[in-house]
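First comes the structure, then the notes that go with it.
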Amino acid sequence: MAQNDQIVIFGLNAQHYALPISNVSEIIRVMEITEVPNMNFFYKGIINLRGSIVPVISSNLRLGLEEHELSKDSRIIVVEQNGEKLGLTVDSVYAVSQFSPEQVEESDSVSGKDQFIKGVIHQDNSMILLLDLDRMTA
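Using the working numbering, the first residue of the sequence shown is number 31, and each one after it goes up by one.
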């Protein structure tokens, strides 16, 4: 990442997570998600986003966290990965923020939910887990 990159900070199960803004197409309110049979357990289904069919995954389930009902604060972060759009459900979106490489502590662990963590950003006395979108969407 380049110096002073921007991230979207969001919440999952009372923990702060982030994705690079360069991967985010848009952030939308939760809409009707149509279940599709025989998908991986972490897929919630698909949405119709202005005529485009977008698969949606539960970020909680993908990360091995406890799943709970979506609320009025929940959002779908629509990301673009390898030319394909994908929706990620999150509990809430907090902010768009800048950070510098000096704030990132790289993650060496590759087990459990940690396999999806690219690094830890220390910002304003809080710890934000930077997700590895390639691994999350694999």
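Cβ atoms here follow ideal geometry from the backbone N, Cα and C, with glycine treated the same way.
Being a predicted model, the structure only gives us computed values, none of them experimental.
Give the straight-line distance between the Cα atoms of residue i and residue j, rounded to the nearest whole angstrom.
i: residue 123; j: residue 105; result: 7 Å
i: residue 133; j: residue 85; result: 33 Å
i: residue 158; j: residue 113; result: 27 Å
i: residue 53; j: residue 109; result: 5 Å
i: residue 40; j: residue 150; result: 14 Å
Am I right that residue i and residue j are in contact with their C-beta atoms under 8 Å? What's the rounded C-beta distance?
i: residue 37; j: residue 44; result: Their Cβ separation, rounded to whole angstroms, is 19 Å, which puts residue 37 and residue 44 out of contact at 8 Å.
i: residue 107; j: residue 120; result: 6 Å
i: residue 42; j: residue 89; result: 6 Å
i: residue 74; j: residue 87; result: 6 Å
May I ask which residues mark the beginning and end of the alpha helix (DSSP H) holding residue i?
i: residue 89; result: 89-92
i: residue 163; result: 163-166
Per DSSP, residue i is paired with what?
i: residue 83; result: 78
i: residue 46; result: 41 and 158
i: residue 118; result: 87 and 107
i: residue 134; result: 151
i: residue 175; result: The displayed coordinates of the chain run from 31 to 168. Any statement about residue 175 would go beyond what the structure contains.
Span of the beta strand (DSSP E) holding residue i?
i: residue 122; result: 122-129
i: residue 113; result: That residue, residue 113, is in no beta strand (DSSP E); it is neither H nor E in DSSP.
i: residue 40; result: 35-42
i: residue 96; result: Counting along the chain, residue 96 falls outside any beta strand (DSSP E), and DSSP gives it neither H nor E.
i: residue 153; result: 147-153
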